[in-house]
Structure formats: C-alpha cells, structure tokens
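Visitor: Pasting in a structure now, in structure tokens, and then I'll have a few things to ask.
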Amino acid sequence: MLYDVAILGAGPSGLSAALALGRASRRVIVFDAGSPRNEAATHIHNFVTRDGTPPEEFRRLGREQLGKYPGVEFMDEAVLSVEGERDDFELLTVNETRIKARRIILCTGMIDEMLDIPGFSEAWGHSIYQCPYCHGWEVKGQRWGYLAIGTEALAHGFAAMLKNWSDDVVVFHPEEETLPDDIIAGLENHNVSRHVSPVKRLVVDGHKLTHVELADGQRIACNVLFAHPPQHQVKLVQSLELELDPQGFVQVDTMTRQTSRPGIYASGDLTTRAQGAIMAAATGTQAGAMVNYELSMSPT
Ligand SMILES: Cc1cc2nc3c(=O)[nH]c(=O)nc-3n(C[C@H](O)[C@H](O)[C@H](O)COP(=O)(O)OP(=O)(O)OC[C@H]3O[C@@H](n4cnc5c(N)ncnc54)[C@H](O)[C@@H]3O)c2cc1C
C-alpha cells in the first residue's frame, strides 16, 4: 500500500493536516506514539470553540470528525525510522510495521526537559506553566513566580507581562550578573520583585506548589510558577538530519512548510517557539493543503 501522505503525530497539528488532506480525498495514514506535550494538563485553553476542553477529549473529537473521510487511517504506533526519498519513503514502526508514503508531514511536537529541581516534575502542568494565556485565567490573582533560566525570556518582558494576571509577581533568578541593568529597571518599573539565588527545592502538596526554597535559605510563598525549560526534538526527527534553527526548531519554508529534505514537511511545535494548540493546528492545515497542492502538480 502506497499512501499519499504519512503524518507523524496526532496532536492539534497532525489532526489538522489530516483534515485538510482527508477533505481533498487523499490516502493518509496518521501515526501517533501517544505522548502529547500537554499530557500533564487537565484542560486546553485559548483555542476558540474548544476553550476548557480536556486534551484527550480534543483528540477524540478530532479523530471522530476525521472518521467521515475514508482516506484517513490511524495507527497508534511510534515511527522509528523514515528511509528513502520524495515519492518513495518507507516508514518502520515500533511494532515492525512497514508503510510506504509519497510525502511525510512531521507533527511530532517537542519534548520539554524537566529541570533538575525537586518538585518541578510533580508540579509541571498543574501549578508550573509555560504560557499564561493557556492557564493564567484560572489562577489569576494568586502568588505568581517566574523562574528565569537565562535572560532571554526576561528581555522579552515576560515577567512584566504576567502582571496582567496577578499583582503579586516575583522573579526567581539564579545569578545576579546574568541580569542586565535595563531589565532590572524594567522589572522595578512594573513592581515585579526579584530573588537572586538558585532555586533549591519547590515545595508541593500533591501537584500544587506552595513555596519556593532558595539556596540562600529563603522560603518564598508561591502558588503558580511560570518557566520555559529547555526542549529537544523527538529521536525520529533528530535522526532525519534536517536543518534546524539556532534554537533547535526544524526550519521550514514559510509558505510550503517543506523542510530541508524534499518531500518531508513539518508543522506545529517542532518548528517554532511560538507554541500553542491553535497555532499548531493552523500550521498543520497549511502543511496539509500545501502537500496536497504539491502532489497535484507532481506526476503519479
Ligand atoms: C503542560 C502544558 C499545557 C499546555 N496547555 C495549553 C493550552 O491550554 N492551550 C494551548 O493552546 N496550548 C497549550 N500547551 C501547548 C500545546 O500543548 C502545544 O502547543 C500543542 O500540543 C502542539 O501541538 P503539536 O501537534 O505540534 O504537538 P503535540 O500535541 O505534542 O503532539 C505531538 C504528537 O506526536 C507524537 N509523536 C512524537 N514522536 C512520534 C513518532 N516518532 N511517531 C509517531 N508519533 C509521534 C506524540 O505522541 C504526540 O501525540 C500546553 C503545553 C504544555 C506543556
């Protein structure tokens, strides 16, 4: 069986790519390894018409709606390797299934690396968040913190922006010398307080953060923490040796979403730091439509 397109990943991006291709009567196979980036979250927010939907319900609805397009199939298996080239790719899954496809769309998301701080993993997605638009409204007005890892996010005013949701925002910064003067002034201007000391431990009650303990001995009350831990690509994407940008995201043509390897396209979190379910869905739709267009122009 030669599929027109193999989509790797059935999150918001992969499901949206499959919808565009299914509606174009393409033969599509969607693989999923079953480990979405937001699996610690209980609800998806900031997705119009789906605000407050549990992630598993979002995926179930996506698959249900795709059920009416006979060209779209699902295989809940991780893809281990992609060999071959445009028009003739061969995929091998974890259960040793081999599938052939003319085009590939990578929608595999990103892996967040849990920080080596006691309590971090337990609270991730429950009271440690990466995006205030996603989870800020539900916890607005509480004692918020921002865990600065390097200065880049601060330079973009992230901590100051958090004041939209809470008057009580504190920045935990590991080292004084990494914080430029203009950023210190900006934070003071926004009345954001700072603690300069490495975080030793996060005190959690179940999944709920209560305090941040610093290496200098201070124990600061804090219910909600924002952080942007490092991320990396899934192994399969690493193995493809695609061109990445300096932050490690897969580079794509902005119009076609083709990667540096002809016939391999990418959409969603793995291509950008501007990460969110609706943005991943939008680029998935774009990738699906562009692959369909490109297949229509190619000899069969
Ligand atoms: C804790 C948390 C909460 C969040 N809350 C929100 C929110 O409320 N609102 C919002 O807009 N955004 C939220 N986000 C961000 C949002 O989850 C992502 O932007 C979105 O899921 C990205 O969609 P995606 O399709 O690119 O990737 P994902 O949703 O991560 O899906 C990728 C899929 O690819 C699969 N996969 C990976 N490798 C393979 C392989 N080799 N073979 C087959 N399948 C593979 C994975 O199993 C996974 O199912 C949150 C993120 C986190 C971490």
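First residue of the sequence shown: 139, per this note's numbering; consecutive thereafter. Where a beta carbon is used, it is the ideal one built from N, C-alpha and C, also for glycine.
1. Around the Cβ of L407, are there at least 16 other Cβ atoms within 10 angstroms (buried) or fewer (exposed)?
2. Please go through the same chain and pick out, in chain order, the residues whose beta-carbon is closer than 6 Å to the beta-carbon of E251, but skip the five residues on each side of it.
3. Helix or strand or just coil, what does DSSP make of S173?
4. Could you tell me whether any non-hydrogen atom of ligand 1 is closer than 7 Å to the CB of P174?
5. Is the segment 140 to 156 close to the segment 411 to 423, with three or more CB pairs under 8 Å?
6. By the DSSP assignment, the alpha helix (DSSP H) with R161 in it spans what residues?
7. What number of angstroms, rounded off, separates the C-alpha of H183 from the C-alpha of P437?
8. Assuming the contact rule is C-beta atoms closer than 8 Å, W275 and V307 should be a hit. Round their C-beta distance to whole Å, please.
9. Within the present structure, is the beta-carbon of F227 separated from the nearest heavy atom of ligand 1 by less than 7 Å?
10. Compare the Cα-Cα distances from N430 to each of R241, D189, V350, F196 and report the closest residue.
11. Less than 7 Å between C-beta atoms, sequence neighbours within five positions excluded: which residues of the same chain meet that for G509?
12. Cβ of N302 versus every heavy atom of ligand 1: is any distance shorter than 7 Å?
13. Considering only C-alpha positions, which residue in the set A425, R224, F387, A427 is nearest to P412?
14. Can you tell me where the alpha helix (DSSP H) holding V375 begins and where it ends?
15. Please name the residue, chosen from P384, D383, E432, that lies closest to I402 on a Cα-to-Cα basis.
16. Measuring alpha carbon to alpha carbon, tell me which residue in M213, F212, A353, D320 is nearest P256.
17. Going by DSSP, name the residue or residues bridged to G283.
18. Curious, which full-length alpha helix (DSSP H) runs of at least 4 residues does the segment 313 to 352 contain?
19. I'd like the list of long-range same chain contacts for C245, defined as Cβ closer than 7 Å, with 5 residues on each side in sequence excluded.
20. In whole angstroms, give me the CA-to-CA distance for L253 and D225.
21. What is the C-beta distance between V309 and V330, in whole angstroms, given that I count them as a contact (C-beta under 8 Å)?
22. Considering Cα atoms alone, identify which of W303, L340, Q396, I322 is closest to V334.
23. Can you check which of these residues, K338, D391, H181, is closest to F258 by C-alpha distance?
24. Just checking F387 against ligand 1 - is the residue's beta carbon closer than 7 Å to any of the ligand's heavy atoms?
25. I need the boundaries of the beta strand (DSSP E) containing F296, first residue and last residue.
26. Sorted by chain position, which residues of the same chain lie with C-beta nearer than 7 Å to V372's C-beta, five sequence neighbours on each side aside?
27. To the nearest angstrom, how far is it from the Cα of S434 to the Cα of T394?
28. What are the start and end residues of the beta strand (DSSP E) that includes R224?
29. By Cβ distance below 7 Å, which residues in the same chain neighbour E260 in space, the five residues on each side in sequence not counted?
30. Is it the case that the CB of A179 approaches a heavy atom of ligand 1 more closely than 7 Å?
Guide: Let's see:
1. On the sequence shown, position 269 is the one that residue 407 refers to. In the sequence on display, residue 407 carries Asp and not Leu. It counts as buried.
2. Start at 1 with the first residue of the sequence shown, and residue 251 comes out as number 113. Here the set comprises P367, P368.
3. Counting from one through the sequence shown, the residue named residue 173 turns up at place 35. If DSSP states are grouped into helix, strand and coil, S173 belongs with coil.
4. Looking up residue 174 in the sequence shown gives position 36. Because some heavy atom of ligand 1 lies under 7 Å away, the Cβ of P174 counts as near it: yes.
5. The segment 140 to 156, when compared against the segment 411 to 423, does touch it at the 8 Å Cβ threshold.
6. Position 23 of the sequence shown, counting from 1, holds the residue named residue 161. From DSSP, the alpha helix (DSSP H) with R161 extends over 150 to 161.
7. In the sequence shown, residue 183 corresponds to position 45, counting from 1. In the sequence shown, residue 437 corresponds to position 299, counting from 1. Rounded to the nearest whole angstrom, the CA to CA distance from H183 to P437 is 43 Å.
8. For the purposes of this step, residue 275 is identified with residue 137 of the sequence shown, where counting begins at 1. For the purposes of this step, residue 307 is identified with residue 169 of the sequence shown, where counting begins at 1. Contact doesn't hold; Cβ gap of about 15 Å is too wide.
9. Looking up residue 227 in the sequence shown gives position 89. False, no ligand heavy atom lies under 7 Å from that Cβ.
10. Your numbering for residue 430 matches position 292 in the sequence shown. Nearest C-alpha to N430: R241.
11. For residue 509 there is no data in the structure shown, the boundaries of the chain being 139 and 438.
12. As a position in the sequence shown, residue 302 is number 164, starting the count at 1. Within the chosen limit of 7 Å, ligand 1 does not reach the beta carbon of N302 with any heavy atom.
13. The residue you call residue 412 lines up with position 274 of the sequence shown. A quick correction: the sequence has Ala, not Pro, at residue 412. Closest option to A412, judged by alpha-carbon separation, among A425, R224, F387, A427: F387.
14. The residue labelled residue 375 in the question sits at position 237 within the sequence shown. Residues 373 to 377.
15. Working through the sequence shown from its first residue, we reach residue 402 at position 264. For the options P384, D383, E432, the alpha carbon positioned closest to that of I402 is the one of E432.
16. As a working mapping, residue 256 is identified with position 118 in the sequence shown. Check the Cα spacing between P256 and each of M213, F212, A353, D320: the tightest is with A353.
17. In the sequence shown, the residue the question calls residue 283 occupies position 145. According to DSSP, which records beta bridges pairwise, G283 is partnered with V308, L363.
18. The segment 313 to 352 contains these whole alpha helix (DSSP H) runs: 319 to 327.
19. Position 107 of the sequence shown, counted from the first residue, corresponds to residue 245. Answer for C245: I145, L146, G147, G149, S151, G152, A155, S405, G406, G422, listed in chain order.
20. Counting from 1 along the sequence shown, the entry for residue 253 is found at position 115. Counting from 1 along the sequence shown, the entry for residue 225 is found at position 87. In this structure, the straight-line span from the alpha carbon of L253 to that of D225 is close to 41 Å.
21. Walking along the sequence shown from the start, residue 309 turns up at place 171. Walking along the sequence shown from the start, residue 330 turns up at place 192. Here V309 really is in contact with V330; their C-beta atoms are around 6 Å apart, less than 8 Å.
22. Here residue 334 is taken as the residue at index 196 of the sequence shown, counted from 1. Taking only the C-alpha atoms, the option nearest V334 is I322.
23. Reading the sequence shown from its first residue, position 120 is the one you call residue 258. Comparing Cα positions, the closest option is K338.
24. What you label residue 387 is simply residue 249 of the sequence shown in a count that begins at 1. Because no heavy atom of ligand 1 lies under 7 Å away, the Cβ of F387 does not count as near it: no.
25. Mapped onto the sequence shown, residue 296 falls at position 158. Element bounds for F296: not the beta strand (DSSP E) but the alpha helix (DSSP H), 296 to 299.
26. As a first step, residue 372 must be located in the sequence shown, where it is residue number 234. When the five nearest sequence neighbours on each side are left out, the beta carbons in the same chain lying within less than 7 Å of the beta carbon of V372 are those of T246, I249, in order along the chain.
27. The sequence position of residue 434 within the sequence shown is 296, counting from 1. The sequence position of residue 394 within the sequence shown is 256, counting from 1. S434 and T394: Cα-Cα distance of roughly 14 Å.
28. In the sequence shown, counting from the first residue as 1, residue 224 sits at position 86. DSSP places R224 outside any beta strand (DSSP E), giving it a letter other than H or E.
29. As a working note, residue 260 is residue 122 in the sequence shown. Answer for E260: V342, H345, listed in chain order.
30. Residue 179 sits at position 41 when you count from the first residue of the sequence shown. The answer is yes for A179.
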